[in-house]
Amino acid sequence: MRKRGYTIMELGNYNPRESVWLSTDPLSGYNPVMEVEHYIDGEHNGGVFNSFNHNTYGYCYQNPIRYVDPNGKQADVTISKADKSITITQKFIFYGSEASSALSAKIANEISYQYNNYGGTVAYGGTKGWKVNFNISYETKTLAEAQELAKGNTDRKLNFIRIEKDKNRLGRSFMRQLGSNTGHWLVSDGLGESSTAPHENAHGLGLEHESDQRGRGIPNIMAARGTLVNSEYQYDPKAKSGAKGGTVNPIYRRVRNGDIQKIINNIKTDSNGNNYIGSPKIDNTLLDKTGHDL
Ligand SMILES: [Zn+2]
985 MRKRGYTIME
995 LGNYNPRESV
1005 WLSTDPLSGY
1015 NPVMEVEHYI
1025 DGEHNGGVFN
1035 SFNHNTYGYC
1045 YQNPIRYVDP
1055 NGKQADVTIS
1065 KADKSITITQ
1075 KFIFYGSEAS
1085 SALSAKIANE
1095 ISYQYNNYGG
1105 TVAYGGTKGW
1115 KVNFNISYET
1125 KTLAEAQELA
1135 KGNTDRKLNF
1145 IRIEKDKNRL
1155 GRSFMRQLGS
1165 NTGHWLVSDG
1175 LGESSTAPHE
1185 NAHGLGLEHE
1195 SDQRGRGIPN
1205 IMAARGTLVN
1215 SEYQYDPKAK
1225 SGAKGGTVNP
1235 IYRRVRNGDI
1245 QKIINNIKTD
1255 SNGNNYIGSP
1265 KIDNTLLDKT
1275 GHDL
């Protein structure tokens, strides 16, 4: 399991049958334009006519007070000064009615692809030129198995994501809190092909929405539904900015160098000298079928 600049990760007592480690190579055939038909109609909830779509917190969180109360732990961080690389390790535990090996693989592959193909380097510790690798793995678990893993979990790389079909209390995929290691994602949001999963993961890594991205080129991963972007990245390139069809089509969102820099800026060190991203207390709160705390 050793890769260049990567740590050796233990698989614990899990069934190795579904423990999958992903290559950081680009996925062949990844074509966001061709996948537009698979994405749900982003205007279905009212588009720009729904005020939530203009609210910084609206896309994922209708409760900003809770949203800005970080209480999570998302990722293990390994820093190698020798080759100026930073490895962020995340393991996704997928559970819920729609969690399947095939879908888990698809989601994890999309996250790995987006987070390892931004290009460029970042600054860390006062020096530039650091390369960041994301080491993404996953397992598909039953609710009981996920609960067993989450109970008293101190492993910072574990993220617990409940997968359901098309309904939850917010009507869209979400992370429990900013910086949380638990979330509730909907298949109807195009998991694995729409950039929703990488977007939600960025919330887990502490990133907030970035509004009005006109003049910035390719929208970054933090463009929420309803965000204004250059016309070629709109649902309808011919639509007037902000009018119907004149907001970001999420399939164009990409993890950009600036996103990675913000994630790296969130690195902290605990009392044992271990690096991590997030708050010291790990969330670990699993969610029920509709997204309420269990
Ligand atoms: Zn969001």
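The numbering used here numbers the first residue of the sequence shown as 985 and each following residue consecutively.
Even for Gly, the Cβ is constructed at its ideal location relative to N, Cα and C.
Please read all numbers here as calculations on a predicted model, not as lab measurements.
(1) Please state the DSSP three-state secondary structure of residue 1082.
(2) Under 7 angstroms Cβ to Cβ from residue 1088, same chain only, skipping five residues before and after it: list those, please.
(3) Give the single residue among 1169, 1120, 1094, 1100 whose Cα lies nearest to the Cα of residue 1080.
(4) Pull up the DSSP beta-bridge partners for residue 1142, would you.
(5) Kindly list the residues whose CB is nearer than 6 angstroms to the CB of residue 1102, restricted to its own chain and excluding five residues on each side of it in sequence; keep chain order.
(6) Got a sec? Which residues, its chain only, sit under 7 angstroms from residue 1153 by beta carbon, not counting five neighbours each side?
(7) Between the Cα of residue 1187 and the Cα atoms of 1206, 1116, 1107, which residue gives the shortest distance?
(8) List the DSSP bridge partners of residue 1166.
(9) I need the straight-line Cα distance from residue 1098 to residue 1182, nearest angstrom please.
(10) Put residue 1239 into one of helix, strand or coil per three-state DSSP.
(11) According to DSSP, is residue 1097 part of a helix, a strand, or is it coil?
(12) Could you compute how far the alpha carbon of residue 1200 sits from the alpha carbon of residue 1217?
(13) Determine the DSSP secondary structure at residue 1060, reduced to helix, strand or coil.
(14) Under the three-state reduction of DSSP, which class applies to residue 1271: helix, strand or coil?
(15) When every heavy atom of ligand 1 is checked, does at least one fall within less than 6 angstroms of the C-beta of residue 1207?
(16) Between the C-alpha atoms of residue 1222 and residue 1228, what's the straight-line distance to the nearest angstrom?
(17) Per DSSP, which one or two residues make a beta bridge with residue 1069?
(18) Find out if the Cβ-Cβ distance for the pair residue 1142, residue 1075 is shorter than 7 angstroms.
(19) Tell me which residue opens and which closes the beta strand (DSSP E) that residue 1107 is part of.
(20) Can you have a look at residue 1191 and say buried or exposed, based on whether 16 or more other CB atoms are within 10 angstroms of its CB?
(21) Compute the Euclidean distance between the alpha carbons of residue 1001 and residue 1085, then round it to the nearest angstrom.
(22) From the DSSP secondary-structure annotation, give me the bridge partner or partners of residue 1204.
(23) Work out the CA separation of residue 1224 and residue 1069 for me, nearest whole Å.
(24) How would you call residue 1249, buried or exposed, if buried means at least 16 neighbouring beta carbons within 10 angstroms?
(25) So the beta strand (DSSP E) residue 1253 belongs to, where does it begin and stop?
(26) Starting from the C-beta of residue 1236, find all residues in its chain whose C-beta is less than 7 angstroms away, skip the five residues before and the five after it, and write them out in chain order.
(27) Can you list, in chain order, the residues of its chain whose CB lies under 8 angstroms from that of residue 1114, leaving out five sequence neighbours each side?
(28) Starting from the Cα of residue 1209, find the closest Cα among 1234, 1185, 1271 and give me that residue.
(29) Among 1093, 1138, 1146, which residue has its Cα nearest to the Cα of residue 1159?
Straight from the coordinates:
(1) Residue 1082: coil per DSSP, three-state reduction.
(2) Only 1078, 1122, 1124 meet the Cβ criterion.
(3) When only C-alpha atoms are compared, the closest one is 1169.
(4) According to the DSSP secondary-structure assignment, residue 1142 is paired through a beta bridge with 1075.
(5) Non-local C-beta neighbours of residue 1102 in its own chain, meaning closer than 6 angstroms and more than five positions away in sequence, comprise 1239, 1240, 1241, 1244, ordered along the chain.
(6) Once the five neighbours on either side are set aside, the close Cβ partners of residue 1153 are 1274, 1275, 1276.
(7) Residue nearest to residue 1187 within the set 1206, 1116, 1107 is 1206 (criterion: CA-CA distance).
(8) The partner list for residue 1166 (beta bridge, DSSP) reads 1144.
(9) Taking the straight line joining both Cα atoms gives about 7 angstroms.
(10) Under the three-state reduction of DSSP output, residue 1239 falls in the coil class, being neither helix nor strand.
(11) The answer is helix: DSSP assigns residue 1097 an H, G or I state.
(12) Between residue 1200 and residue 1217, the C-alpha separation is close to 11 angstroms.
(13) Here residue 1060 sits in strand by DSSP.
(14) Here residue 1271 sits in strand by DSSP.
(15) Distances between the C-beta of residue 1207 and the heavy atoms of ligand 1 are all 6 angstroms or more.
(16) Cα-Cα distance, rounded: 10 angstroms.
(17) Bridge partners of residue 1069: 1064, 1115.
(18) The Cβ-Cβ distance between residue 1142 and residue 1075 falls below 7 angstroms.
(19) Residue 1107 -> beta strand (DSSP E) spans 1106–1108.
(20) The residue in question, residue 1191, is buried, as its Cβ has 16 or more Cβ neighbours within 10 Å.
(21) Because the pLDDT at residue 1001 is just 36, under 50, the model does not fix this residue reliably, and the point stays unresolved.
(22) 1238.
(23) Each residue's Cα considered, the two are about 43 angstroms apart.
(24) Residue 1249 is exposed by the Cβ-count criterion.
(25) Run containing residue 1253: 1251–1253, per the beta strand (DSSP E) assignment.
(26) If we look at residue 1236 and ignore the five residues flanking it on each side, its Cβ neighbours are 1016, 1202, 1203, 1217.
(27) Contacts found: 1068, 1069, 1070, 1105, 1106, 1107, 1108, 1248.
(28) Minimum Cα distance to residue 1209 is reached at 1234.
(29) When 1093, 1138, 1146 are compared, the shortest CA-CA separation from residue 1159 is found for 1146.
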